[in-house]
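Take any residue in the sequence shown, count from 1 to its spot, add 2: that is its number in my numbering. No residue lacks a Cβ here, since even glycine has one placed at the ideal position from N, Cα and C.
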Amino acid sequence: MNQEFESTLLETAVTEISRLPGIGRKTALRLALHLLREDVSASVSLGESIINLRKGIKYCRECHNISETDLCPICANERRDTSIVCVVESVKDVIVFENTRSFNGKYHVLGGVISPIDGIGPDKLQIDSLISRVAAGGIKEVILALSATMEGDTTDYYIYRRLLPYGVKVTQLARGVSVGNEIEYTDEITLGRSLQNRTLFSDTIMN
């Protein structure tokens, strides 16, 4: 049962905070009361940072990573290897891979994985833009670095089939990443080794 508060302002704040993923109303109430105990400037600073984040962040026109400019710092970095593209599910995965410090190529953020049960088809992901990047030339290898789940594997295979006409090398993370695990929960050492020991995707399937 939802708590009822005498203060409408507190009720509104708790309701809005509880909309965030992983935060229930009890936690939202605790956070709201914490903000009330803090100096007003702390709440103002928090509010302004969230507003600035929402207004200032955009998506890179090339890889769809978050950015403050049309081209994200990774895509704009001329020292990165433009011939290798690592395909990931989300922005969080880019951050995880960058923390391993074992990849110097570019990325492509799909924005999810194919999941018919959730109504997510290929048309709702950034797959066509990936194919366009490969078709434009210059990319020699595409690394499929999606989570080792049924949805991730389905998406891997779909992309692999779409890339076949272009003759580009398609690889997959070595299975140091346990089946069923999501990339963001894999430790950096394991992920780095899986990236370095990646295998040809064609070797993992029956054509």
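Strand pairing of residue i, partner residues [DSSP]
i, result
"Gln-174", "Leu-146, Thr-201"
"Ile-122", "Ser-117"
Sequence-distant residues of the same chain with beta carbon closer than 8 Å to residue i, five excluded per side
i, result
"Thr-210", "Beyond the ends of the chain as shown, which are 3 and 209, falls residue 210; an answer cannot be given."
"Lys-171", "Lys-142, Glu-143, Val-144, Leu-202"
"Gly-139", "none"
"Asp-283", "The structure shown does not extend to residue 283, since the chain spans only 3 to 209, so no value can be given for it."
"Ile-59", "Ile-68, Ser-69, Glu-70"
"Arg-135", "Glu-64, Val-87, His-110, Ile-141"
"Ile-207", "Tyr-159, Tyr-162"
Beta carbon proximity, residue i to chain C, threshold 8 Å
i, result
"Val-96", "This model lacks chain C altogether; it includes just one protein chain."
Sequence-distant residues of its chain with Cβ nearer than 7 Å to residue i (five each side left out)
i, result
"Glu-124", "Rather than Glu, the amino acid found at residue 124 in this sequence is Pro. Ile-116, Tyr-160, listed in sequence order."
"Cys-77", "Cys-62, Glu-64, Cys-65, Lys-108"
"Ala-137", "Tyr-168"
"Ile-25", "Ile-19"
Anticipated Cβ contact below 8 Å, residue i with residue j, distance rounded
i, j, result
"Ile-19", "Leu-33", "6 Å"
"Ala-30", "Val-16", "5 Å"
"Glu-80", "Gly-114", "Actually they do not touch by this definition, with Cβ atoms about 30 Å apart."
Cutoff 6 Å; reference residue i; Cβ partners in own chain excluding five residues on either side
i, result
"Leu-132", "His-110"
"Arg-63", "Asp-72"
"Arg-164", "Ile-133"
"Leu-127", "Leu-112, Gly-113, Gly-114"
"Thr-10", "none"
Residue i beta carbon near the ligand ATP (any heavy atom closer than 7 Å)
i, result
"Ala-147", "Absence of the ligand ATP from the depicted structure is noted, as is the absence of any ligand whatsoever, leaving it without description."
Worksheet entry | Given 8 Å, three or more beta-carbon pairs between the region 68 to 76 and the region 43 to 51 | No: the two stretches stay apart, fewer than three of their Cβ pairs being nearer than 8 Å.
Fill in: Residue ranges of each alpha helix (DSSP H) within the region 51 to 114, 4 or longer
Within the region 51 to 114, the complete alpha helix (DSSP H) runs of at least 4 residues are 75 to 78, 93 to 102.
Worksheet item: Between the region 78 to 87 and the region 100 to 111, do three or more beta carbon pairs fall short of 8 Å?
Response: The region 78 to 87 is in contact with the region 100 to 111.
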